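Respectively, the protein sequence lines represent chains C and A.
The first sequence stops at residue 103 when you use numbering that gives the first Met the number 0, and every number in between is there.
The second sequence stops at residue 103 when you use numbering that gives the first Met the number 0, and every number in between is there.
Quick reminder that beta carbons are idealized off the backbone N, C-alpha and C, glycines included.
The structure displayed is predicted, hence computed values, not measured ones.
Structure first, then comments.
There are 2 protein chains.
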Amino acid sequence: MDDVFKALADASRRALLDRLHARNGQTLTELCDGLAMTRQAVTKHLAILEAANLVATIRHGREKLHYLNPVPIHEIGERWIRKFERGKLAALSELKRQLERRDE
Amino acid sequence: MDDVFKALADASRRALLDRLHARNGQTLTELCDGLAMTRQAVTKHLAILEAANLVATIRHGREKLHYLNPVPIHEIGERWIRKFERGKLAALSELKRQLERRDE
DNA sequence: TTGACATGCAACCAATCGGTTGCCTAATGT
DNA sequence: ACATTAGGCAACCGATTGGTTGCATGTCAA
């Protein structure tokens, strides 16, 4: 879980996920295309995404195809985000109340 | 948005949010209690959470009360997580199909 | 008023991060 | 066959991160 949060913390990595979301199964060089980074930098980012299980790869000859795995993202939504959405209204009204009593 | 992802990337900070989720409006020293960190470390984490707008604080005499703001978490759920959940089934079936053709 | 308590500020530190360069290996296509 | 293309590995670098220690400030209560 921590791996996933850490992997998502970087904007370049989120951009890579976006690219795969737009078109799945891209090679490394395809993913590099148009990015202001060297191929090796992208390789490192993809390795982190792979370690977090957000991306799965398949070697096909000399090419490495990258596929998005949406499961960990979904799990964060289910197991983490939702928890805070449950108490959301209560927390907000309490916060608002305290802010209004600021000058007591 | 990036601030929020970065803030959530650290387990200690997520633990602090958990604490506030369990009991809202705690002081700094209350939040420090039982943690294997100095008060100053916690202060820094809270500053990052505050900068990401995940926590709002109110000074009350010499105490500083911390309140959870669930809105940014909710926004990440809405604007980011959901995007990947939409294409989820398609992505998964495509991934599965490619994995099964691995040895062609 | 004075001591204890809650917090703030700043300097410092080692480890990690995001990125680079240089070189190497393995497929491919002509 | 051989030049080209796709990718891998490793060393290095500066910036950021997560944490510490030491000291200063403000507020409360006896």
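Inclusion of Glu62(A) and Thr26(A) in the CB contact set at 7 Å is warranted, their separation being smaller than that value.
When the five nearest sequence neighbours on each side are left out, the beta carbons in the same chain lying within less than 8 Å of the beta carbon of Val70(C) are those of Asn52, in order along the chain. Here the stretch 38–46 of chain C does not lie against the stretch 36–50 of chain A, with fewer than 3 beta-carbon pairs under 8 Å apart. Across the structure, Ser11(A) and Asp2(C) are spaced so that their CA atoms are roughly 14 Å apart. From the listed residues Leu30(C), Arg78(C), Phe83(C) and Asp9(C), the smallest Cα separation to Thr56(C) is found for Leu30(C). Counting the other CB atoms within 10 Å of its CB gives Leu19(C) a total of 16 or more, which places it among the buried residues.
DSSP places Thr42(A) in the helix class (H, G or I) of the three-state scheme.
Asn52(A) does not reach chain C, its nearest Cβ partner there being about 12 Å away, counting only Cβ pairs nearer than 7 Å.
When only Cα atoms are considered, Ala21(A) and Lys5(A) end up about 22 Å apart. Residue-level contact by beta carbon fails for Gly33(A) and chain C, as no gap is shorter than 7 Å. Against Asp2(C), chain A offers no close residue; the least beta-carbon distance is about 10 Å (beta-carbon pairs closer than 8 Å).
In the three-state DSSP reduction, Arg85(A) falls in the helix class (H, G or I). Secondary structure at Ala8(A): coil, using DSSP grouped into helix, strand and coil. Residue pairing by DSSP places Val54(A) opposite Leu67(A) in a beta bridge.
Counting of Cβ neighbours within 10 angstroms places Gly33(C) among the exposed residues, the total staying below 16.
Under the Cβ criterion of 7 Å, Glu84(A) is counted among the residues facing chain C.
Chain C places no beta carbon closer than 7 Å to that of Ile47(A), leaving this residue out of the contacts. For His65(A), the closest Cβ of chain C is not nearer than 7 Å. Taking Asn23(A) as the centre and dropping the five residues before and after it, the same chain places the C-beta of Tyr66 and Leu67 closer than 7 Å to its C-beta, in chain order.
At the C-beta level, Ile75(A) and Ile72(C) stay beyond 7 Å of one another.
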